[in-house]
Structures are given as C-alpha cells and as structure tokens.
Amino acid sequence: MKQINGKVVYITGGTKGIGKGMAAALLKEGCKIAISGRKLSDVESVVSEFNSKDVLAIKSDVRDYGQEQAAVQKIVDTFGHLDIVIANAGVGIFSSIEEMSLEDWNTMIDTNLTGVFHTLKASVAQLKANKGYYISIASLAGINFFANGTGYNASKFGVVGFTQAAMLDLRNHDVKVTTILPGSVSTNFNNHIPSELDAWKIQPEDMGELVVDILKMNPNVLPSKIEIRPTKTS
Numbered sequence: 003m004k005q006i007n008g009k010v011v012y013i014t015g016g017t018k019g020i021g022k023g024m025a026a027a028l029l030k031e032g033c034k035i036a037i038s039g040r041k042l043s044d045v046e047s048v049v050s051e052f053n054s055k056d057v058l059a060i061k062s063d064v065r066d067y068g069q070e071q072a073a074v075q076k077i078v079d080t081f082g083h084l085d086i087v088i089a090n091a092g093v094g095i096f097s098s099i100e101e102m103s104l105e106d107w108n109t110m111i112d113t114n115l116t117g118v119f120h121t122l123k124a125s126v127a128q129l130k131a132n133k134g135y136y137i138s139i140a141s142l143a144g145i146n147f148f149a150n151g152t153g154y155n156a157s158k159f160g161v162v163g164f165t166q167a168a169m170l171d172l173r174n175h176d177v178k179v180t181t182i183l184p185g186s187v188s189t190n191f192n193n194h195i196p197s198e199l200d201a202w203k204i205q206p207e208d209m210g211e212l213v214v215d216i217l218k219m220n221p222n223v224l225p226s227k228i229e230i231r232p233t234k235t236s
C-alpha cells in the first residue's frame, strides 16, 4: 500500500486503548477514520477528542452482522469507499472451566471470533474493489494457552486461524491480510485502569506506529502474522 494519505480506515472497538491509539496514528498520516463501538455516546466522546471532520462515529456491535453491514455502508456513504479494516473489538473473561458460565463463553466467542468474521464478511467487497488491507488484532493468547483462559484462548486461537486462512483466500485478489498478536498492552482491557505501573508494557501509540509501518511496507511484502512483546517483563 505504501502511500496511505487519504485512505479510509474502519476500526472496530476504537473508543479506547489499542483502537484509539491506532486511530490517532492513522489520522496523523492523513487517513479518514471510522470508529465503532457498542455505545454511541462512547464513540462520539472519542471522536470529539480528535476534533476532525475526517473521523466518523459509528454505533455497531460486531456480534450483529446486520450492524456491521450498516457500519460499512455508512462509511461508504460518508467517505465514498473503504480501504483498510482493522478488527480490534474484543473482550476477556478469565476463569477456570468449572467456573466459566455459558454466558461468558458465548460473549467471548461471539465478540472475539464471530465478530471478526462479521467485520470482514461485511467489508470484503469494498476491500476487493479497492485492493485494500485487513488486519485482525489477535493476541499472544492465540498461540499460547494458560490456566483460566479456556474461553479467551479458544477465541483468540480461532482469530489467528481465521485470519491466516482469509489471507490465503484474498491474496490473489490483491487484498493484504495481517494478524497482529500483541503481548501485554497498557489498556483498559478487562476493566484495567492504566497507570505508571504499566510503563513497561506496549503502549497504544506503539500499536498505532506498528500499523502505520505495516501499511507503508513495500507492496511486494506481506507480513501475514506478527508477534510483538514488551521489551521487558516488568
């Protein structure tokens, strides 16, 4: 893709943390950004912080395919097309298999895995038409399992498999697909409140810089799966 100025980007789960960090970095590069979240008030609050006519607020729950279809249509109606899609929305609930409820399991699978499918399915026609780029934000939990992670591991392992297979489906249509697997990131994930104690972690702006670098890579290069970790462990 290399030149990204003027590209239209859709970021799910963009109201805080990684999503917000990516939106800020891409806006600085001259992209037009659409940010979605389940609560319109949250999305509008973040959009007002950016204070730019090139940022669009969208209410969409990725668990609902119809809402993702409507989100993509709103982006096309507003900006004329869609070039880059970043499936970032996700949740984490951690407990042992004995304690995990059906509701918790379904919430993670429906959001983290089925939601990623909905986002790509709804946008794939635009991506093919514009020779675009699709990125899933997975996790190192998608290749490393741990206790109390049955639901989260299952969803993120699924995201990695889904996105890598989609990469093979779409590469001959000139659509690039990348899976990013971050380790510890300083975000509000799982109701965490970032503080100075999180300085050792990957920061949201680091994720933003990474995405910009990926999109600007030589068109002959496809970084299909990227693992990133903090330099230190604490």
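This note's numbering runs 2 ahead of the 1-based position in the sequence shown.
We treat Cβ as the ideally placed atom computed from N, Cα and C, and that holds for glycine.
None of the values given here were measured: they were computed from a predicted structure.
The alpha helix (DSSP H) enclosing Val300, as first and last residue numbers: The structure shown does not extend to residue 300, since the chain spans only 3 to 236, so no value can be given for it.
If you measure between the beta carbons of Ser138 and Thr181, is that distance less than 7 angstroms? Yes; because the gap between Cβ atoms is below 7 angstroms, this pair is in contact.
Quick check: what's the CA-CA separation for Ser197 versus Ala36? Ser197 and Ala36: Cα-Cα distance of roughly 28 angstroms.
Within its chain, find whatever has a CB closer than 8 angstroms to the CB of Val78; leave out the 5 residues flanking it on each side and keep chain order. Shown here for Val78: same chain residues with a beta carbon closer than 8 angstroms to its own, the five before and five after excluded, namely Leu84, Gln128 in chain order.
Give me, in chain order, the residues of the same chain whose beta-carbon lies closer than 7 angstroms to that of Glu245; leave out the 5 immediate sequence neighbours on both sides. As displayed, the chain neither begins before 3 nor continues past 236, which places residue 245 out of reach and without an answer.
Smallest Cα separation from Asp56: which of Glu31, Val74, Ser62? The candidate whose alpha carbon is nearest that of Asp56 is Glu31.
What distance in whole Å lies between the Cβ atoms of Val87 and Tyr154, which are believed to be in contact at a cut-off of 8 angstroms? Actually they do not touch by this definition, with Cβ atoms about 23 angstroms apart.
Could you check the C-alpha separation between Asn108 and Leu28 for me, to the nearest Å? In a straight line, the C-alpha of Asn108 is about 32 angstroms away from that of Leu28.
Give the DSSP bridge partners of Thr14, in chain order. As a beta-bridge residue in DSSP terms, Thr14 pairs with Ser38.
So Glu229 is in the alpha helix (DSSP H); what residue range does that whole segment cover? For Glu229, no alpha helix (DSSP H) segment is defined; the enclosing uninterrupted segment is the beta strand (DSSP E) at 227-230.
Can you tell me where the alpha helix (DSSP H) holding Ile77 begins and where it ends? Where Ile77 is concerned, the enclosing alpha helix (DSSP H) stretches over 67-81.
By DSSP, does Ser138 sit in helix, in strand, or in coil? The three-state secondary structure of Ser138, taken from DSSP, is strand.
Between the region 44-55 and the region 90-103, do three or more beta carbon pairs fall short of 8 angstroms? With a cut-off of 8 angstroms, the region 90-103 and the region 44-55 do not count as touching, because too few Cβ pairs lie within range.
Can you tell me whether Leu199 is buried or exposed? The criterion is at least 16 other CB atoms within 10 Å of its CB, across all chains shown. Leu199 counts as exposed, since fewer than 16 other C-beta atoms from the protein chains shown sit within 10 angstroms of its C-beta.
Where Pro225 and Ser103 are concerned, what is the direct C-alpha to C-alpha distance, given to the nearest angstrom? In a straight line, the C-alpha of Pro225 is about 37 angstroms away from that of Ser103.
Residue range of the beta strand (DSSP E) that includes Lys178: From DSSP, the beta strand (DSSP E) with Lys178 extends over 178-184.
Evaluate the contact criterion for the region 116-133 versus the region 61-75: three or more CB pairs, one atom per stretch, below 8 angstroms. Between the region 116-133 and the region 61-75, the count of C-beta pairs closer than 8 angstroms reaches three or more; the two stretches touch.
With burial defined as no fewer than 16 other Cβ atoms inside 10 Å of the residue's Cβ, what is the status of Ala89: buried or exposed? Residue environment for Ala89: buried (at least 16 other C-beta atoms within 10 angstroms of its C-beta).
Around the C-beta of Thr80, are 16 or more other C-beta atoms found within 10 angstroms, so that it is buried, or is it exposed? Residue environment: Thr80 is assigned as exposed (fewer than 16 neighbouring CB atoms within 10 Å of its CB, all protein chains considered).
Considering only the alpha carbon of each residue, which of Asn7, Leu42, Arg173, Lys41 lies closest to Lys34? Measuring C-alpha to C-alpha distances from Lys34 to each of Asn7, Leu42, Arg173, Lys41 identifies Asn7 as the nearest.
The alpha helix (DSSP H) spanning Leu129 covers which residue range? It spans 117-131 - the alpha helix (DSSP H) in which Leu129 sits, taken as one unbroken run.
Relative to the alpha-carbon of Val243, which residue among Thr113, Ala149, Met219 has its alpha-carbon at the smallest distance? There is no way to answer for residue 243, as the model of the chain reaches only from 3 to 236.
Could you spell out the range, first to last residue, of the alpha helix (DSSP H) harbouring Lys22? Secondary structure note for Lys22: its alpha helix (DSSP H) is the uninterrupted segment 19-30.
By the DSSP assignment, the beta strand (DSSP E) with Leu58 in it spans what residues? Per DSSP, Leu58 belongs to the beta strand (DSSP E) from 57-61.
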